[in-house]
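Number of protein chains: 2
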Amino acid sequence: MKQYQHPTIDQITLTGVLHALSDPVRLNFVQCLANLMCEQPCGSIPTPVAKSTMSHHLRVLREAGIVYIRTEGTQSLTSLRLDELSTKFPGLLESVLKAALEESAADPAK
Amino acid sequence: MKQYQHPTIDQITLTGVLHALSDPVRLNFVQCLANLMCEQPCGSIPTPVAKSTMSHHLRVLREAGIVYIRTEGTQSLTSLRLDELSTKFPGLLESVLKAALEESAADPAK
DNA sequence: GTATTTGTTCTATAAACGCCGAACAATGAT
DNA sequence: ATCATTGTTCGGCGTTTATAGAACAAATAC
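Below, the structure written as structure tokens:
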């Protein structure tokens, strides 16, 4: 397909990260990514939105520095930039993911 | 003046909190609030926006469950709901504030 | 009473956002 | 070459957002 541009660590901003994670669809996707612990094609994670919408969300996550995307064949493999984010903002993504987990556990609906 | 409505702990959502903190003006205000360690009138914290805009931002922070606002005389006193947020999302606000501090330390401009 | 202070609400505007379908691109399979 | 798979990009639509100024409300000071 094509190659993607990713921000370097010092280009990542806190507000950018928070904004990217503040959308339910994106947060849920990041949560799945963290659970699976390995890079995933976009299609392997179920989403409630159209694929063009998901492409937009992945772009936001990528430009915020949260995920790394590479292409292999026809699919684009997405992985969390966990190490780099932990370097830039220690504990941040961890506590967000923990909070997301607890919230979804407390609310069995949806 | 008037009294405000605040969400209960279980009405607070993670995406709501993240969204509220993803705006630079709001995040900066929350940072100041955390540093001062006590409730503050809105006007005591310098902001780059008009007071009507700040009123809007405070409303967002209040409705997200991040701040508590009460009125005394003509001024409205704002305080962080740190304890309640720590109960709902342990470590979250702490790591966001730590990240904000480190980011502003790394970038002496602005 | 009038004036001052502090903040809210209203109205408007411009930008950003989330969403989708259609068209397109690139790879892989038949 | 044709078809299927996997995503991206584009155009558009409706909603939300950040912003500010003007008008308003309430408490305080004079």
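Protein sequences, first through last, are from chains Y and R. Numbering-wise (my numbering), the first sequence opens with residue 1 and increments by one. Numbering-wise (my numbering), the second sequence opens with residue 1001 and increments by one. Built from N, CA and C at the ideal position, the CB exists for glycine as well.
8 Å is my cut-off, CB to CB: does residue i come that close to chain Y?
i         : result
R/Asp1083 : no
R/Pro1041 : no
R/Val1096 : yes
R/Ala1100 : yes
R/Gly1091 : yes
R/Thr1015 : yes
When the Cα atoms are used, what is the spatial distance from residue i to residue j?
i         : j         : result
R/Thr1087 : Y/Gln3    : 43 Å
R/Lys1110 : Y/Arg59   : Interpretation of R/Lys1110 is limited by its pLDDT of 43, a score under 50 that renders its predicted location unreliable; the figure taken from the coordinates is listed afterwards. About 28 Å.
R/Val1096 : R/Leu1027 : 9 Å
Y/His6    : Y/Ala34   : 19 Å
Y/Thr47   : Y/Phe89   : 28 Å
Y/Ser123  : Y/Gly16   : This structure gives no information on residue 123 of chain Y, because the portion of chain Y shown stretches from 1 to 110.
Y/Cys38   : Y/Ile69   : 12 Å
R/Thr1013 : Y/Leu101  : 12 Å
R/Lys1098 : Y/Gly73   : 41 Å
R/Ser1044 : Y/Gln75   : 53 Å
R/Leu1036 : Y/Cys42   : 44 Å
R/Thr1008 : Y/Arg81   : 34 Å
Please classify residue i: does DSSP put it in a helix, a strand, or coil?
i         : result
Y/Lys110  : Because the pLDDT of Y/Lys110 is 44, which lies under 50, any placement of that residue in the model is unreliable, and the question is left without a value.
Y/Gln31   : helix
Y/Val67   : strand
Y/Glu72   : strand
Y/Ser79   : strand
R/Gln1011 : helix
Y/Pro48   : coil
R/Pro1024 : helix
Would you mind working out which of the options sits nearest residue i, comparing C-alpha positions?
i         : options                               : result
R/Asp1107 : Y/Gln5, Y/Pro7, Y/Gln11 and Y/His6    : Y/Gln11
Y/Thr71   : Y/Ala20, Y/Pro90, Y/Gln40 and Y/Pro7  : Y/Gln40
Y/Leu18   : Y/Thr53, Y/Glu84, Y/His57 and Y/Leu92 : Y/Leu92
Y/His56   : Y/Asp23, Y/Glu102, Y/Ile9 and Y/Ala99 : Y/Asp23
Y/Glu84   : Y/Gly16, Y/Gly65, Y/Gly73 and Y/Met54 : Y/Gly65
Report the CB separation of residue i from residue j in whole angstroms; it is logged as a contact under 8 Å.
i         : j         : result
R/Ala1020 : R/Leu1061 : 5 Å
R/Val1067 : R/Ser1079 : 7 Å
R/Val1030 : R/Val1049 : About 15 Å separates the two Cβ atoms, so there is no contact after all.
Counting only C-beta atoms, is residue i closer than 8 Å to chain R at any point?
i        : result
Y/Lys110 : Residue placement at Y/Lys110 is poorly supported in this model, since its pLDDT is 44, which falls under 50; the coordinates are not used for a value here.
Y/Pro24  : yes
Y/Phe29  : no
Y/Leu80  : no
Y/Pro7   : no
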